[in-house]
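Start counting the sequence shown at 116; every next residue gets the next number (the working numbering).
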Amino acid sequence: MIEFARWSRLLRRCRTTYHCMGALLFSLLMLWVLPAHAFTYWDDTSASAVTLSRGDFVARASQLKGLEQLAYVNRVINNAARQTPDTRDEWKGFDRLIRDNAGDCEDFALAKYQILRQAGVPPDRMDLMAAEDQLTPSYHAVLRYRRDDGSHLILDNLTPLILPEHARSDLTPIVIFDQHHARRYHKGKFEVVDPARVLLGGVRLDKRMQRLLDY
Numbered sequence: 116m117i118e119f120a121r122w123s124r125l126l127r128r129c130r131t132t133y134h135c136m137g138a139l140l141f142s143l144l145m146l147w148v149l150p151a152h153a154f155t156y157w158d159d160t161s162a163s164a165v166t167l168s169r170g171d172f173v174a175r176a177s178q179l180k181g182l183e184q185l186a187y188v189n190r191v192i193n194n195a196a197r198q199t200p201d202t203r204d205e206w207k208g209f210d211r212l213i214r215d216n217a218g219d220c221e222d223f224a225l226a227k228y229q230i231l232r233q234a235g236v237p238p239d240r241m242d243l244m245a246a247e248d249q250l251t252p253s254y255h256a257v258l259r260y261r262r263d264d265g266s267h268l269i270l271d272n273l274t275p276l277i278l279p280e281h282a283r284s285d286l287t288p289i290v291i292f293d294q295h296h297a298r299r300y301h302k303g304k305f306e307v308v309d310p311a312r313v314l315l316g317g318v319r320l321d322k323r324m325q326r327l328l329d330y
């Protein structure tokens, strides 16, 4: 088993049981049921705050193509929530990231994957990469986009720049994966690996892969 370790307001006191139950049910509803209907992000290009629904966001992204589409989604999601290290390894998709207004690197990468898939990007064009950040050093997660020539672009929550993978010498790949395939980086190249043998944050990778669109 391959282990990659890093992936890593209480309710106010109520006066009555009735009030406690009501507050608890409302909190659970907000946390787990309601989608992110609207969110606000800082738009660097217009130097203004922009509020969108998820549907509007996807619709706008769907109208764009290629690098313009990638740059738009990367910019919006990077500026829609705060980057915060996880106190526990808990992956979040787009709705949860927006609702919490904070997330770790894998949450941003996962949110971009979900929105781009919904905006029409074919699934075989994207995967997520767990890597070792040589500058920190720590573990990091990014989204990769495969171009027509087979090379990849990196969408990173720590920068608005979308650079070719070969230009990201600060990242040493560990494993790449999508919903169906996983490959680990070994001796300078990627090789197929059984995701059931890979742990990310103590969870088998095959279990995480099954939920990429559902987190």
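Beta carbons are placed, not taken as given, at the ideal position from N, Cα and C, and that holds for glycine.
Does the beta-carbon distance from residue i to residue j come in below 8 Å?
{"i": "L270", "j": "L258", "result": "yes"}
{"i": "V173", "j": "Q233", "result": "yes"}
{"i": "L320", "j": "A297", "result": "yes"}
{"i": "A176", "j": "Q184", "result": "yes"}
{"i": "A256", "j": "E221", "result": "yes"}
{"i": "G317", "j": "D204", "result": "yes"}
{"i": "Y260", "j": "L268", "result": "yes"}
{"i": "F223", "j": "R169", "result": "no"}
Looking only at C-alpha atoms, which of the options sits nearest to residue i?
{"i": "D239", "options": "C220, Q294 and I213", "result": "Q294"}
{"i": "D219", "options": "L182, L273, R283 and I291", "result": "L273"}
{"i": "Q325", "options": "P310, P200 and T199", "result": "P310"}
{"i": "M244", "options": "Y228, V236 and G181", "result": "Y228"}
{"i": "R262", "options": "D248, L250 and L278", "result": "L278"}
{"i": "D56", "options": "L268, D215, S161 and R283", "result": "Beyond the ends of the chain as shown, which are 116 and 330, falls residue 56; an answer cannot be given."}
{"i": "S161", "options": "L179, K180 and V191", "result": "V191"}
{"i": "A246", "options": "D159, L315 and D158", "result": "L315"}
{"i": "L179", "options": "T199, G303 and G235", "result": "G235"}
{"i": "P237", "options": "T199, Q198 and G181", "result": "G181"}
By DSSP's criteria, residue i is part of a beta bridge. Which residues make up the other side?
{"i": "K304", "result": "H301"}
{"i": "F154", "result": "L167"}
{"i": "M244", "result": "V257 and I291"}
{"i": "P279", "result": "L268"}
Grouping DSSP H, G and I as helix and E and B as strand, with all else coil, what is residue i?
{"i": "Q198", "result": "strand"}
{"i": "H296", "result": "coil"}
{"i": "G218", "result": "strand"}
{"i": "R319", "result": "strand"}
{"i": "V191", "result": "helix"}
{"i": "L144", "result": "Bear in mind that a pLDDT of 43 at L144, under 50, signals an unreliable position, so the number given afterwards is only what the model happens to contain. Reduced to three states, the DSSP call for L144 is helix."}
{"i": "L286", "result": "strand"}
{"i": "V313", "result": "strand"}
{"i": "V173", "result": "helix"}
{"i": "R326", "result": "coil"}
{"i": "G235", "result": "coil"}
{"i": "Q178", "result": "coil"}
{"i": "R203", "result": "coil"}
{"i": "Q184", "result": "helix"}
{"i": "L149", "result": "Confidence is the limiting factor: at L149 the pLDDT is only 42, short of 50, which leaves the residue's position unreliable, though a coordinate-based value still follows. Coil, per DSSP."}
{"i": "R211", "result": "helix"}
{"i": "A226", "result": "helix"}
Assuming residue i and residue j make a contact with CB atoms under 8 Å, what is their CB distance in whole Å?
{"i": "Y330", "j": "L225", "result": "6 Å"}
{"i": "N194", "j": "Y156", "result": "4 Å"}
{"i": "R299", "j": "F305", "result": "7 Å"}
{"i": "D248", "j": "I291", "result": "Actually they do not touch by this definition, with Cβ atoms about 16 Å apart."}
{"i": "A153", "j": "L167", "result": "7 Å"}
{"i": "N189", "j": "P275", "result": "7 Å"}
{"i": "R283", "j": "W206", "result": "Going by Cβ atoms, the distance from R283 to W206 rounds to 22 Å, so no, they are not a contact pair."}
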